[in-house]
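**Q** Numbering (the working numbering), first residue to last: 1 to 56.
By construction, the Cβ of each residue, glycine as well, lies at the ideal position given by its N, Cα and C atoms.
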């Protein structure tokens, strides 16, 4: 579900660039990719992240 990515990007939850985790969700007609820093990823996983992932 999540893969570690060595590149740096801006985390959507706290806005700072960091090495992190890419979350990919495959839905029937859509693929969603979100990238979070590792710290936020752990927070999301501890909260069962559905309420924080926006499906657009």
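Per DSSP, residue 37 forms a beta bridge with which residues?
**A** 20
**Q** Using 6 Å as the cut-off, classify the Cβ of residue 17 as near or not near the heavy atoms of the ligand GDP, replying yes or no.
**A** Ligands displayed in this structure: none; no statement on the ligand GDP is therefore possible.
**Q** By the 10 Å Cβ neighbour count, where 16 or more other Cβ atoms means buried, how is residue 7 classified, buried or exposed?
**A** exposed
**Q** Report the three-state DSSP secondary structure of residue 13 (helix, strand or coil).
**A** coil
**Q** State the beta-bridge partners of residue 27 as determined by DSSP.
**A** 30
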